[in-house]
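For the sequence shown, the numbering used here assigns the number 1 to the initial residue and increments by one for each residue that follows. Beta carbons: idealized from backbone N, C-alpha and C, even for Gly. Everything below concerns the one structure shown next.
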Amino acid sequence: MKFSDIITEDSIIPDLKARDKEGVLEELAQAICTHAPSVDKSDLVRVLLEREKLGSTGIGEGVAIPHGKISSLNQPMISFGRSKHGLDFDSMDGQPAYLFFLLVAPENSAGLHLKTLAKIAKVLKSKDFRRKLMEAGTREEIYETIVKTDEEENGI
């Protein structure tokens, strides 16, 4: 599955306003709900917070990949947010997180959910990719960076 199939320009937040974990999850969830009206935002935020209780999705190096499954979706969706100042997300390395990819998948899609999560984590290992996301000036530039990197990774 290509990123361009599961993320839209409108689901990208170039400058998150939140200053804490729950606020980030609220903003990213709102971006999902705008494109998936069947998803209840409060349910989605609850699912994401429950997942965070199992262990932070802050993977380090300024990155967090909050994720969860919800029954009201029929395909995975991603929203992306950037915090220019960074914030505490209980990351594994103890450093602030700046880049947030929220992945939400249908409840009955364990394989696809894990495959997409692994794909996101893989591209985020690239220091160059993370730098480009931080330096992008607009929502459009962020979207182009995500889609182009995905295409390059998959030889498209």
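Secondary structure of residue i, DSSP reduced to three states
| i | result |
| --- | --- |
| residue 2 | coil |
| residue 137 | coil |
| residue 79 | strand |
| residue 23 | helix |
| residue 73 | coil |
Closest residue to residue i among the options (Cα-Cα distance)
| i | options | result |
| --- | --- | --- |
| residue 80 | 6, 1, 2 | 6 |
| residue 127 | 116, 139, 112, 99 | 99 |
| residue 39 | 154, 58, 71 | 71 |
| residue 142 | 83, 34, 47 | 83 |
| residue 28 | 77, 61, 73 | 77 |
Range covered by the beta strand (DSSP E) that runs through residue i
| i | result |
| --- | --- |
| residue 99 | 97-106 |
| residue 68 | 67-70 |
Environment of residue i [buried if 16+ CB atoms lie within 10 Å]
| i | result |
| --- | --- |
| residue 9 | exposed |
| residue 107 | exposed |
| residue 37 | exposed |
Endpoints, the alpha helix (DSSP H) within which residue i is located
| i | result |
| --- | --- |
| residue 159 | Nothing about residue 159 can be read from this structure; the chain reaches only from 1 to 156. |
| residue 60 | Careful: residue 60 lies outside any alpha helix (DSSP H), inside the beta strand (DSSP E) at 58-60. |
| residue 16 | Element bounds for residue 16: n/a, residue is neither H nor E. |
| request: Indicate whether the contact test is met: 3 or more Cβ pairs, each with one atom in the stretch 136-152 and one in the stretch 54-72, closer than 8 Å. | output: These segments do not touch.
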